[in-house]
Amino acid sequence: MLQINSLLSLPKLSTSFYRRDNVVLVARELIGKILVTRFNNQVTAGRIVETEAYNGIVDKASHAYGGRRTKRTEIMYADGGKAYVYLCYGIHHLFNVVTHLKNSPHAVLIRAVEPLVGIELMLQRTAKPKADFSLTKGPGNVSRALGISTQHTGVDLLEDALFIVTDNDDISQKKIIATPRIGVDYAGEDALLPYRFIVKDNPYVSGKKHA
DNA sequence: CTGACGATTCACT
DNA sequence: GTGAATCGTCAGC
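Next up, the structure:
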């Protein structure tokens, strides 16, 4: 098990990582990175094993499609490297990483992680009796386990509460698979785009098939 | 002001 | 496989 001290000594992803213009590339490269929360000095972390890219104003699946700009989605229009957290179905808090530059609203949804640090705290937050693969499977569960909620929307990922680090133990490229995104049937032909990335055969990846 | 609905999850058949 | 839970957001009136 990764120790907290070594985890916190790992380098954060930089603004230059987040601000690149290809959100699909960023989504792919976020696979294998480690998402960390440190709220009230309590640390939880997990390795990212499933992501989805939302490709700006031309993507019918994105909240920013057509340049739609509302109070909720305003943070998507910020410079890359911020958190976008919104409430879905009145229950689930979905965590996204804002990418690219100001006024270019791209984001990556973190859909699943593999727990690394703070599993006891994750069990507490999710009220689960013991750790199983559902602990951090699916975007709603990731946020519950890591303690992320809509109040964290706008948080700077270069600060120390909510951030992503790399341990250079990236997943083999052969194990990273692109698939269509989940739950975006409303997006017409854009629902078919291969903007979802998963680690092949990883048990924390959501959905029924692993392709 | 009102109504429809969702980048989901879970219990139940 | 099906359906309920649940509430902030957003478009429309």
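Sequential numbering from 140 applies to the first sequence in this note's numbering. Where is the CB? At the ideal position from N, CA and C, for every residue including glycine. Quick caveat, the model's predicted, so the values are computed rather than measured.
DSSP, reduced to helix, strand and coil, places L233 within a strand of the structure shown. Contact between V188 and L146 fails: their C-beta atoms lie close to 17 angstroms from each other, not under 8 angstroms.
The alpha-carbon of A192 is positioned some 20 angstroms away from that of Y228. For F156, the enclosing alpha helix (DSSP H) stretches over residues 154–157. Contact between L149 and T190 does not hold, since the beta-carbon distance rounds to 19 angstroms and is not under 8 angstroms. The beta-bridge partner set that DSSP reports for R177 consists of V182. Between the alpha carbons of D160 and A203 lies a distance of about 16 angstroms. Considering only L255, V237, I287, the residue with the shortest C-alpha distance to E213 is V237. 8 angstroms or more divides the Cβ of V338 from the Cβ of I321. Annotation: G171 to V281 spans about 15 angstroms, alpha carbon to alpha carbon. Excluding five sequence positions before and after P268, the CB atoms of its chain that fall closer than 8 angstroms to its own CB belong to L262, given in chain order.
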